[in-house]
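Residue numbers in the sequence shown follow the working numbering, run continuously in steps of one, and reach 280 at the last position.
Ideal Cβ placement from N, Cα and C applies to all residues, glycine included.
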Amino acid sequence: MSNSILVLGSTGKTGKRVAERLQNLQLPIRLGSRNGQPSFNWDEPSNWHEVLTGIQSVYITFQPDLAVPQSIEKIKQFTEIAKQHNVKQLVLLSGRGEKEAEACEQIVIQSGLNWTIIRASWFMQNFSENFLLDSILSNKVVLPTIKALEPFVDADDIADVAVAALTDSKHSNKIYELTGTDLLSFQSTTNQIATALNKPIAYQEIEMYDYVAALQSYQLPEDFIWLVQYLFTEVLDGRNESLSNDIETVLGRKPTSFHEYISKTLKTGIWKVQ
Ligand SMILES: NC(=O)c1ccc[n+]([C@@H]2O[C@H](COP(=O)([O-])OP(=O)(O)OC[C@H]3O[C@@H](n4cnc5c(N)ncnc54)[C@H](OP(=O)(O)O)[C@@H]3O)[C@@H](O)[C@H]2O)c1
């Protein structure tokens, strides 16, 4: 396989959507997954040479988040190996308002390769494919106290922008900030889902100290707990309380609204309790 597009996190929220779109366009791709052939694991750099052989472009989704301190070394090493294998283009998924992630963005920007940075807001799909799905299914959302509104963005819109960046050179050397159509509270998004499901979903905010203690009692990994604290205290402080036009600029259409996200997610059956 040569001149392929490598999609990292190809079983994840955005990666699977990017891979599906590229396949529909009949473009050659390699799926970057720990279960892929060859396997890709951010913790096993010795395998990255094999994964990057014959690759022209890479969609990079880092695990668990570009803001964690160890990300800088890994992104640096990955970019170096990509250059050794003659990769031409990197499209990096980053977090909007995550100052710590900008060090990783700079590594990609300074790499000498063509680059696009996609800074995404909180994904709507956190309510249906991740983090908050179990809470929706169990009719109770408990979060740390949140002081800010968030412009939730749809993962399908992120994938459309990523595919545009991977397939059209006019998006090279650009930073895009992706938001949805509205600034929303976590309570109002929960209420909208509850109304659509026609069931009550309790919503409660608690002190961060108590929230962390609850996560620890579930024996969740310390780096995950650090990340949750970082996202809810530092990033959700109001810095992202604004809407961007970048989805419309890239795609020529409005972003998906939370209402539209709910309608299409209802059809998947994912919110039905088995
Ligand atoms: N969620 C949000 O609201 C949000 C907002 C802004 C930015 N982001 C950024 O989005 C990125 C994540 O992208 P995503 O949400 O599309 O992905 P995701 O759904 O979090 O997961 C992507 C995939 O990563 C793979 N993975 C897990 N650990 C791995 C490891 N050690 N090495 C290699 N692969 C590993 C898993 O696939 P396999 O099991 O197949 O290996 C998983 O399916 C993060 O960097 C995050 O900061 C997220």
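If you run the structure through DSSP and keep just helix, strand and coil, what is Val-74?
coil
Does the beta carbon of Asn-132 fall short of 6 Å from some heavy atom of ligand 1?
yes
Less than 7 Å separating the beta-carbons of Val-13 and Ile-35?
yes
Suppose you measure from the CA of Leu-33 to the CA of Ala-168; what does that come to, to the nearest Å?
14 Å
Short Cβ contact (7 Å threshold) for Ala-171 with Lys-19
no
Comparing the C-beta of Gly-15 with each C-beta of chain C, is any distance below 7 Å?
Included in the structure is just one protein chain, with no chain C present.
Nearest candidate by alpha-carbon position, reference Thr-67, set Gly-275, Ala-126, Gln-116, Ser-178:
Ala-126
At least three beta-carbon pairs within less than 8 Å, the segment 218–233 to the segment 77–85
In short, these stretches do not touch, since the Cβ pair count stays below three.
In this structure, what does DSSP give as the bridge partners for Val-159?
Phe-129
Enumerate in chain order the residues of its own chain whose CB-to-CB distance from Asn-132 is below 6 Å, with the five nearest sequence positions on each side excluded.
Leu-138
Distance between Ala-73 and Glu-104 (C-alpha atoms, nearest Å)
7 Å
Pick from Asp-166, Ser-248, Gln-69: whose alpha carbon is nearest that of Arg-102?
Ser-248
Am I right that Val-241 and Tyr-182 are in contact with their C-beta atoms under 8 Å? What's the rounded C-beta distance?
That pair is no contact at about 18 Å.
Inter-residue spacing [alpha-carbon to alpha-carbon] between Lys-270 and Asp-252:
23 Å
Please say whether Ser-191 and Leu-155 have beta carbons closer to each other than 7 Å?
yes
Compute the Euclidean distance between the alpha carbons of Thr-151 and Gln-193, then round it to the nearest angstrom.
11 Å
With hydrogens ignored, establish whether the beta-carbon of Leu-99 is closer than 6 Å to any heavy atom of ligand 1.
yes
Proximity of Thr-218 and Leu-184 at Cβ, strictly below 7 Å
In the sequence as displayed, the identity of residue 218 is Val instead of Thr. Against a cut-off of 7 Å, the Cβ pair of Leu-184 and Val-218 comes out as no contact.
For Ser-141, which residues of its own chain have a beta-carbon under 6 Å away from its beta-carbon, when the five flanking residues on both sides are left out?
Val-147
Going by DSSP, what residue range makes up the beta strand (DSSP E) through Gln-222?
Per DSSP, Gln-222 belongs to no beta strand (DSSP E); it is in the alpha helix (DSSP H), 214–223.
Span of the alpha helix (DSSP H) around Ser-52
Unbroken run through Ser-52: none, as it is neither H nor E.
What does a CB cutoff of less than 7 Å around Phe-264 pick up in its chain, not counting 5 residues either side in sequence?
Met-130, Phe-158, Gly-186, Asp-188, Leu-190, Thr-195, Gln-198
Span separating the alpha-carbon of Gly-21 from that of Ala-202
In this structure, the alpha-carbon of Gly-21 lies about 27 Å from that of Ala-202.
Let me know the secondary structure DSSP gives Trp-232 once reduced to three states.
It is helical.
Curious, which full-length alpha helix (DSSP H) runs of at least 4 residues does the segment 152–200 contain?
161–173
Sorted by chain position, which residues of the same chain lie with C-beta nearer than 7 Å to Ala-200's C-beta, five sequence neighbours on each side aside?
Pro-206, Ile-207
Are Ser-16 and Ser-39 touching if we call contact CB-CB under 7 Å?
yes
CB of Trp-5 to nearest heavy atom of ligand 1: below 6 Å?
Given a span of 7 to 280 for the chain in the structure shown, any question on residue 5 remains unanswerable.
Let me know if Phe-230 comes out buried or exposed under the rule of 16 or more other beta-carbons within 10 Å of its beta-carbon.
The residue is exposed, with fewer than 16 neighbouring Cβ atoms inside 10 Å.
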